Structures are given as C-alpha cells and as structure tokens.
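Down below is the structure, laid out as structure tokens.
In the numbering used here, the protein residues as written are 1 to 397.
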C-alpha cells in the first residue's frame, strides 16, 4: 500500500483560499470580500460568470440578504429578502428551496434541453444570459446554520471537474470568514434594534461597564398612549399587539427620520432624545412631533373604518442635562438616560391629561424654539417632585 501524498496537488483556488485566510482581516463587510473573491477566482483561471451568496440574518424586517456578483462587477449587489419569500414563486422550486429541504448540492446543466432539467424561472433566466452550468452548495456556519452559495459559468461544456474541486476547496474557509462578518453584522443589528443606533455604536466600542456614561445635553421626548389598560383588558391579544405596533410605527419613524434616538419602549410609552450637539435638534423634535401626529390621525382614520375607537396620547418635552450610559445590576444592564430633565419630561406627559393638550413643552425647551408663533402658553402648573411651578406651552404643529 502506498503512503498518502504528504503534499496534495495544488488547486486553482489555493491562492484565493490563502487570501481568504490571511488577507481579509481588515475588511469589515462580507459583500466586499465576496466580490473580491469572485474576481480572484476568475484571475486564478476559473471561468466564473455569476455567483450569489445567500445568508439568513436576525432582523425585525428581513429574513436574509442576497449578495450577487456577475462578470465585470467590482462590487456585489445586495438585496434584502422578506420573511414571506418562502410562499412566493421565486423561492418555490428554487435551489434555495432545495437547500432548505436538506440538499447538499444542486447542479444544473443549462446547455441541455430545458425539458430534461429542473423547472424554475431562475434556470430560464440564466439560459437567456448564455450561462451553461450552475452549481449551488450549502455554506455551513456553527450550530447547524446553513446558508447558500452558488456559482455559474458560460464556458461551453460548463465547469470542468478541476473547477468544481477548486470551488469546493474554498467553501470551509469562506464559511469561517463569512460567519465572522455575519455575526458582527448581527451584533450591530441586534443592538440597533434593541438600544438604538448611537447607543449600539457605544456598546460595540466597549462602553459596557456598569456606571459608566457621559453627560449629554438633549431635548427629551416622552410619549404615552391613553387608556391602554382598558384597551388591553377588552381587546383580543393579537389586536392589542397590532395596535401597539401601528402606534409605535406612527411615533417612531418620524423620530428616527429627524435624527432622534429612541432609547426604550416602556409598555405603551417611549423615551427619545435629540442631543443638542446636533444642529436644529429642537426644531427637528418638533418636526418629528408634527409628522407623528399626522401619522396618528391617519391611523385613527383607518381604525375608525374598522369600528375601533380613536387612540389618544400625550407627549411631554423638556430639555436639559442627562446622564447617558449603563445602569442596572451586575449581570443585566440598560443603556439609557436618567436625571431630573427626564423626570420633568415624564411629568409633563402626565400633565397633558390635566391640561387637555396632547403635546406640552417646558419653558426651557420653548426658549430654544425659533418659531414661537407655533406655541401656545397655557400657564404655570405645579409639577410633582419639583418645588416651583413650571410654565408650560402647547404645540399644535
């Protein structure tokens, strides 16, 4: 019996494998690595014409993402994939569908009679583009996570066995490289989803120690839904969840659009800040409130059509210094803001019921507003927890 070959023969992708292993450490994004990998495979002699990488992600809106590269492209195209894609014709019968069902390889000879091959619009599209051969494999991440990579060529006769062997050889390294980037993106996405973009960046940068933080001067906005206890007691659970999501969409999207940061949802309320380091922070907050009120009016009109009572809300706005950082127990932290200014905004929100105005601003905030004609002085009121009466203004924008 002959001894095993200590130096297995080189493959066309060895240089690409080495580059993936040692040359991608400083590249943050998987789409850039993927596009460069495809170009390097071409340069190594593999007749690659088209390639796609499909990854599952944990995002509140998207099931996954598809990166697509074709000959001549310097960058990959990125497409987000909806959660309902599995019910659509583009998925049913596709290579992704086969991989989802457990296939370990999908190979299609695109030169043969289409009647003899798999039936799917994807294969017809590739034939019209002159492609001759297509192969798809799962890309394995840890704990059984399966993603998908595909390669196609326009070479007459399709890929040679040496090409297939070379492509297969890079898959384990690509799996490791892509998993690192996908999990980095996942960590960023989860933080953006649950604590906000700015707080997420600080946490990723290492701001994770309890009690650490900074003092930030900001406009603070607290919003609360009225009669939510009555609604949750009398409405079906799923209707209550849908209502909350619609309400938070109406309030949150304008805040994000105008540069605010939502730090937390508290039951049926939310806390957001507009740091005064941003130009026009106070004006931006009022623009967000105006758009949120319009969105709530539209939501109430839709709900009225289905027989639901209108939703009422209160918004309190103040400005001041807040402590912005990590607060909590030794093992469970919350990245939030605290301080008298936050307490004041909360008290103003509660006063909207007494004063009969849905949006109340403190005098400190009102003094920073340029277009004071949009404000209505409603008088001075005692505020729980504060010794002196507070002069309040209503905003009708």
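For each residue, glycine too, the CB sits at the ideal point set by N, CA and C. These numbers were taken from a predicted model, which means no experiment stands behind them.
- Rounded to whole angstroms, residue 68 and residue 214 show a C-alpha spacing of 42 Å.
- Of the residues assessed, residue 134 falls on the buried side of the cut-off, its CB having 16 or more other CB atoms within 10 angstroms.
- The Cβ neighbour count for residue 331, taken over all protein chains shown within 10 Å, is under 16; the residue is labelled exposed.
- Under DSSP, residue 223 forms a beta bridge with 270 and 315.
- Counting of Cβ neighbours within 10 angstroms places residue 352 among the buried residues, the total reaching 16 or more.
- A straight line joining the alpha-carbon of residue 264 with that of residue 174 spans about 37 Å.
- Listed in chain order, the alpha helix (DSSP H) elements of length 4 or more contained wholly in the segment 47-133 are 95-100 and 121-128.
- For residue 321, the closest of 144, 98, 216 and 143 by C-alpha to C-alpha distance is 216.
- For residue 355, the three-state secondary structure derived from DSSP is helix.
- Residue 220 is positioned such that its CB atom lies no closer than 8 Å to that of residue 287.
- DSSP places residue 326 within a strand segment (E or B) once states are collapsed to three.
- In this structure, DSSP gives residue 290 a helical state, which the three-state scheme calls helix.
- One Cα belongs to residue 94, the other to residue 82, and the distance between them is close to 16 Å.
- Residue 338 is bridged by DSSP to 323.
- Taking the C-beta atoms as reference points, residue 360 is found nearer than 8 Å to residue 394.
- Residues of the same chain with a CB within less than 8 Å of the CB of residue 32, apart from the 5 flanking positions on each side, are 75 and 76 in chain order.
- With respect to the 8 Å criterion, residue 147 and residue 54 are classified as neighbours on the basis of their beta carbons.
- Note that the segment 266-275 touches the segment 220-232; at least 3 beta-carbon pairs, one per stretch, sit closer than 8 Å.
- Note on geometry: alpha-carbon atoms of residue 36 and residue 237 lie some 49 Å from one another.
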